[in-house]
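Reading through the C-alpha cells given below for one structure.
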Amino acid sequence: MALDCYKILQLENTATLADIKKAYRKLALQFHSDKQPTNATPEQLEKANASFQQLGMAYAVLSDPKRKERYDKTGVTEESLFEDGDKDWTAYFKELWSGIVNEETIEAHKSKYQGSEEERQDVLKAYNQVKGDMDKILTMIECSSASDCPRFEKMIREAIKKKEVVLHKKLNPTTTEKAQQARLKKEAREQAEFDAQQNEKEEDGLAALIQQRNKDRQARMDSIIDTLANSEKKKGKKRKQEDMPSEEEFQQLQEKLFKKKK
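Here the sequence shown stands for residues -19 to 242, numbered as in my numbering.
Spelled out as C-alpha cells, the structure:
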C-alpha cells in the first residue's frame, strides 16, 4: 500500500530534514503507546499503534536522502522501503534521539525541550491556530500536561505585550482558576486510573506466576511418584492406588531415587 509520507507527517513537500525530524518526534509522542489515555479503548489503542507504525515508515523514507529522492520522483514507497532485503528495520526505530522512543527517551527529550525557544515558538504557533484555547494548546505541545498551563499562559501574554501575537478571545475563559482546577482534577483522575490498571496487571501477573510454579512443583512431584511406582513394579512390589506415601515416606523415596541417578 502506497503511503502519502508528507501527509502522514503533516508536512509540505518542501520540508527540510530538520522539519521532518521535528514532525516525526512530535507525532511519535502523540501516538506512542506510553502516551495514550488511560481510558482508551482497544480499538483506539490499535489505531494509535497503526498510526505510529505509519509514522515510522514515512520517516524511514523521508529521512533518507536516496529514498526521499526516489519517493519525490515516483510517489512510490514499496520499492524504496523493501528493496533492501537485508535492512534491519528494528535499527531504524532507534534512529531518533539515538535511542528507542520509550519512557526514558521521552523524559530526556522533555528536559531539553521544555523552556527552550523551540517550545515557545510551538506554543505561540498553536495559540494562533486554535485562537487561544488553552485546552487545545496543551494537546498540541509535546511533553505537556495541565501543570504547564500557567507557564504557557505567561509565554503567550508576554508575546502579546511584545505584539508578537494578538489576544484571542478564547485565552481568558480557558485560563481561569476554575478552568485550571478542572484540568488538574481530570489529569489526576486519569493518572489514578492508569496506576490502578498497572497495579492490577502486576497483581494478575504475580498470581499467574505463583499458579504456574505450583503447577510445575506438582508436576515434578507426580513425575517422581510415577518413577518410583514403576521402579517398585519392576521389583514385583505392588502398591495399592489409594495408598499414597506420607510426607516422610515421600522424602525417603525421593532420596532413594536421587541416589540411583548419581
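The C-beta atom is built at its ideal place from N, Cα and C for all residues, glycine as well.
{"Check": "C-alpha gap between S125 and E167, whole angstroms", "Outcome": "8 angstroms"}
{"Check": "8 angstroms CB neighbourhood of F11 in its chain, flanking five on each side removed", "Outcome": "A28, N29, S31, F32, L35"}
{"Check": "K48 burial status per 10 Å Cβ neighbour count (16 or more: buried)", "Outcome": "buried"}
{"Check": "Sequence-distant residues of the same chain with beta carbon closer than 6 angstroms to R131, five excluded per side", "Outcome": "none"}
{"Check": "Collapsed DSSP secondary structure at F62 in the structure displayed", "Outcome": "With a pLDDT of 46 at F62, under the threshold of 50, the modelled position of that residue is not reliable, and no figure is offered here."}
{"Check": "Alpha-carbon to alpha-carbon, E(-8) and A40", "Outcome": "17 angstroms"}
{"Check": "M37 vs L118 beta-carbon contact at 7 angstroms", "Outcome": "no"}
{"Check": "Secondary structure of H89, DSSP reduced to three states", "Outcome": "helix"}
{"Check": "Where E133 falls: helix, strand or coil (DSSP)", "Outcome": "helix"}
{"Check": "Closest residue to R163 among D113, K143, V146 (Cα-Cα distance)", "Outcome": "D113"}
{"Check": "Of the residues A172, E99, K150, the one placed nearest K2, counting alpha carbons only", "Outcome": "E99"}
{"Check": "Neighbourhood of K277 by C-beta distance below 6 angstroms, restricted to the same chain and skipping five residues each side", "Outcome": "Past the edges of the chain, shown from -19 to 242, lies residue 277, and the structure says nothing about it."}
{"Check": "Cβ separation of V145 and I136, assumed to be a contact under 8 angstroms, to the nearest whole Å", "Outcome": "7 angstroms"}
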